[in-house]
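Please read the structure below before turning to the comments.
Residue numbers (the numbering used here): 33 to 364.
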């Protein structure tokens, strides 16, 4: 039996709105310690990790570990039926095929319940091992969202560079270029308005702006955003959810000159020769993908910075199949 009662019902609505466009279907894992989700986007470039700790709920009952497969768009539609001040209760039976959402007004003069069918989603638990980051930037979440929105009107990618001068966001497009520099600023009246930069070594990485803009949909959840960067590792964009937990987005960096390389592969075809000739093996870098080892649980530690395995990096594959095909033709 699962029964969760959340006084801040609007919080769950904001969580769903922030991830529904990135991930379509996902399993919600419920245990004695909390309510969590891990899922990758369809292209395996981005990953989202959500944790809501049990102590953040007014009432939390989970008799045994339970996994509920849901369509996030459908779940978001149901949660939109709840008022911003409503108390949200989630109920599900062990082995059942439905989940019930109950919305209560603060005065309890109105109660609504919605039942949604669960899905059977076959997915492995994605572990995120530890790694050290070369640079960590903490800044107002609204400012980060504004930067991503402004740069996306100029170009498709953003270069995030962290140096002793500050953090620079750059883009280039057909109409020109744009550069936005944010320097460390701790002398502010409100802590949420501060920009704090921790850097061991300078780092500069390129990311797709469409994913960054998708991540910023979590801005209403937190006043501050934490951006963790390290060479050839996925960037981690984290929003802390009050005292309950967090939502983290992982995005693999883009490869330089990726478009030119992909175009070269599409137009390169092995030719049949009358005499054997030594062919040069073409090399290409594939689309960056996030590599995660399965079956390693996320550590439930809010104080620790999000970590990513150092092996999670952009992979580059030689076109071995092309080589094999050329050699066969040579023999003929």
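Every residue, glycine too, gets a C-beta built ideally from N, C-alpha and C.
Rounded separation between residue i and residue j - CA only
i: residue 121; j: residue 33; result: 13 Å
i: residue 186; j: residue 173; result: 21 Å
i: residue 96; j: residue 38; result: 19 Å
i: residue 381; j: residue 132; result: There is no way to answer for residue 381, as the model of the chain reaches only from 33 to 364.
i: residue 141; j: residue 272; result: 32 Å
i: residue 237; j: residue 263; result: 7 Å
i: residue 163; j: residue 268; result: 11 Å
i: residue 59; j: residue 102; result: 6 Å
i: residue 234; j: residue 228; result: 15 Å
i: residue 202; j: residue 176; result: 13 Å
i: residue 168; j: residue 86; result: 28 Å
i: residue 254; j: residue 44; result: 13 Å
i: residue 152; j: residue 166; result: 40 Å
N- and C-terminal bounds of the beta strand (DSSP E) containing residue i
i: residue 261; result: 256-261
i: residue 246; result: Note, residue 246: premise wrong, no beta strand (DSSP E); alpha helix (DSSP H) at 241-247.
i: residue 280; result: 277-283
i: residue 81; result: 78-85
i: residue 228; result: 228-231
Residue span of the alpha helix (DSSP H) that contains residue i, given as start and end
i: residue 52; result: Careful: residue 52 lies outside any alpha helix (DSSP H) and carries neither H nor E.
i: residue 109; result: 104-111
i: residue 178; result: 173-184
Contact check, residue i vs residue j, beta carbons under 9 Å
i: residue 98; j: residue 126; result: yes
i: residue 46; j: residue 252; result: yes
i: residue 119; j: residue 136; result: yes
i: residue 72; j: residue 183; result: no
i: residue 84; j: residue 63; result: no
i: residue 150; j: residue 128; result: yes
i: residue 48; j: residue 124; result: no
i: residue 259; j: residue 270; result: yes
i: residue 225; j: residue 205; result: no
i: residue 66; j: residue 117; result: no
Outcome for residue i when other beta-carbon atoms lying within 10 angstroms are tallied against a minimum of 16
i: residue 170; result: buried
i: residue 280; result: buried
i: residue 208; result: exposed
i: residue 285; result: buried
i: residue 105; result: exposed
i: residue 113; result: exposed
i: residue 211; result: exposed
i: residue 52; result: buried
i: residue 220; result: exposed
i: residue 190; result: buried
i: residue 218; result: exposed
i: residue 246; result: buried
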